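Taking my numbering, the leading residue of the sequence shown gets 3, the next gets one more, and so forth.
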Amino acid sequence: MKTFYHCLIMWIPFIVLFALAGFGLEVLEGRKIRTSEYMTGFRDLGVGYMFLMGSFAFILYPISFLPLTLLVSRFMKNWLYKVASFTLCGGAIGAFSFIIIYDSRFIEEYNVSIVNSMLFFGIAGFLYALVENAVKKNIKFV
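Here it is in structure tokens:
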């Protein structure tokens, strides 16, 4: 039951961190796209873009980081392995998100880079690992 509560609590930092990573990606890479066909960017949607990123992260957590959090908390005891696994999975989610957010035509035409997406989401995964460790140490019922 402790693991269940821990995973529910970790859903909140996941949504915040990965929505901010998506926002950072849009600010860095999305501003390169200057066409009326790309209507999902921050310039067009404003604060609604953060709502979209938060919704995407809300749906993404049970698919990706919930099973990973369960496996890591059960089988990995070394903190460094936990950090590495969350960071690498965050980078993989960055590559996946990049492909979903930007069409292949925009990637080729506007020279948008997938490396920045992997970097932003990898940093979000690293921060998620730090928050996970802090929650595990400081909250007693988790």
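In this text, a Cβ means the ideal position worked out from N, Cα and C, and glycines have one as well.
Treat the numbers as computed from the prediction; the structure is a model and nothing was measured.
Which one of L90, F88, L19, F128 has the shortest CA to CA distance from G56? Locating residue 56 in the sequence shown gives position 54, counting from the first residue. For the residues L90, F88, L19, F128, the minimum Cα distance to G56 belongs to L19.
Would I17 and Y63 qualify as a contact pair, given that the criterion is a beta-carbon distance under 8 Å? For the purposes of this step, residue 17 is taken as residue 15 along the sequence shown, with counting starting at 1. For the purposes of this step, residue 63 is taken as residue 61 along the sequence shown, with counting starting at 1. One thing to note: I17 has its Cβ within 8 Å of the Cβ of Y63.
Alpha-carbon to alpha-carbon, S75 and I141: One-based indexing of the sequence shown puts residue 141 at position 139. One-based indexing of the sequence shown puts residue 75 at position 73. In this structure, the straight-line span from the alpha carbon of I141 to that of S75 is close to 15 Å.
As an exercise, report each continuous alpha helix (DSSP H) stretch of at least 4 residues that is fully enclosed by the region 58 to 90, in chain order. 67 to 77
Of the listed residues N80, L54, F128, K138, nearest to A94 (C-alpha basis): Reading the sequence shown from its first residue, position 92 is the one you call residue 94. Checking every option, the nearest Cα to that of A94 belongs to F128.
Got a sec? Which residues, its chain only, sit under 7 Å from R81 by beta carbon, not counting five neighbours each side? Taking the first residue of the sequence shown as position 1, residue 81 is located at position 79. Residue identity differs from the one stated: residue 81 is Trp in this sequence, not Arg. Non-local beta-carbon contacts of W81 in its own chain, meaning distances under 7 Å to residues more than five positions away in sequence, involve N135 in chain order.
In chain order, what residues of the same chain lie with their CB nearer than 6 Å to the CB of F67, ignoring the 5 residues before and after it? As a position in the sequence shown, residue 67 is number 65, starting the count at 1. Contacts found: F16.
Buried or exposed (CB count within 10 angstroms, at least 16 for buried), Y7: Taking the sequence shown and counting its residues from 1, the one referred to as residue 7 is at position 5. It counts as exposed.
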